[in-house]
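Just below is one structure, and these are the notes that go with it.
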């Protein structure tokens, strides 16, 4: 039986992806901060689901991840969905630092632990959910967009490292547009349902896609974003997460 570990499986995209892998017959290792939500997920299929209370911002998070892998009996696919983001035009230092704490420091804790596990086994599949916000710096959410660029670049670096080490390790960088999750407090254009996004993510993981933008509308948007000269980009009024 195949085994997946999902960090951030208690709500939103992570929860929907977990449900799909349970239905597909996989063993699922679910981690998150909400113990009640973890228990509800485990109750869906107690024989398939192992859980671990885990906060990526805590120093013991790598140990908790290792323990969850042990409960599951191993790991074939790792998916990191945890992340936070806010509009912060006022540049409140606490908001910026908290975003970095989760999206950069916590991200690094989890991804390096997963990579170390796969390194000992000479292969596996490591996937993360970054964002289209990492395409260019967003003035309304500086720390969020910068942290998402960090994530994508970090995965690029690990992919090169895995090749240097001759590991059969695959990587998937998943870049969604705006998704209707608790992270978004106000309506946004082209808002996607978590269920639809989860379907696309599972499809991308099955195909072992290296990078995927979800969905096609956002792929087109990102294409044009990249064509905008920096001088013009700096004059645009683009609203991000709040």
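Numbering (our numbering), first residue to last: 1 to 242. All C-beta atoms in this analysis are idealised placements derived from N, C-alpha and C, irrespective of residue type, glycine included.
Whole-number beta carbon distance between residue j and residue i, since they are thought to touch under 8 Å
i, j, result
"residue 102", "residue 82", "7 Å"
"residue 32", "residue 9", "5 Å"
When the options are compared against residue i, the one with the closest alpha-carbon
i, options, result
"residue 35", "58, 133, 23, 11", "11"
"residue 90", "155, 139, 54", "139"
"residue 96", "65, 141, 9, 212", "141"
"residue 118", "131, 165, 84, 132", "165"
"residue 224", "17, 132, 58", "132"
"residue 156", "128, 145, 136", "128"
"residue 100", "125, 147, 137, 134", "147"
"residue 216", "26, 40, 196", "196"
"residue 13", "130, 123, 88", "130"
"residue 152", "162, 163, 135, 168", "135"
"residue 206", "15, 26, 9", "26"
"residue 49", "24, 226, 162, 204", "24"
"residue 243", "234, 158, 204, 214", "Missing from the structure shown is residue 243; the chain here goes from 1 to 242 and no further."
"residue 150", "114, 77, 105", "105"
"residue 159", "87, 211, 137", "211"
"residue 88", "229, 137, 17", "137"
Contact under 8 Å by Cβ, residue i with residue j
i, j, result
"residue 69", "residue 5", "yes"
"residue 75", "residue 3", "yes"
"residue 110", "residue 56", "yes"
"residue 7", "residue 80", "yes"
"residue 53", "residue 72", "no"
"residue 85", "residue 144", "yes"
"residue 30", "residue 44", "no"
"residue 19", "residue 125", "no"
"residue 172", "residue 219", "no"
"residue 167", "residue 123", "yes"
"residue 78", "residue 116", "no"
(request) Decide yes or no for the touch test of the region 164-180 against the region 196-207: beta carbon pairs closer than 8 Å, at least 3 of them. (result) yes
(message) In chain order, what are the residue ranges of uninterrupted beta strand (DSSP E) at least 3 long that sit wholly in the region 145-184?
(response) 168-176
(message) My parser needs the beta strand (DSSP E) runs of 3 or more residues fully inside the region 101-143; what are they?
(response) For the beta strand (DSSP E) assignment, the uninterrupted runs of no fewer than 3 residues enclosed by the region 101-143 are, from N- to C-terminal side, 123-129.
(request) Would you mind listing the alpha helix (DSSP H) stretches within the region 60-85 that are 4+ residues and don't spill past its ends, in chain order? (result) Given a length threshold of 4 residues, each whole run of the alpha helix (DSSP H) inside the region 60-85 is given here in chain order: 61-72.
(message) Going residue by residue through the region 2-48, where are the continuous beta strand (DSSP E) segments of at least 3 residues, counting only ones entirely within it?
(response) 3-7, 27-32
(request) At 3 residues or longer, and completely inside the region 198-235: list those beta strand (DSSP E) runs for me, N to C. (result) 211-214
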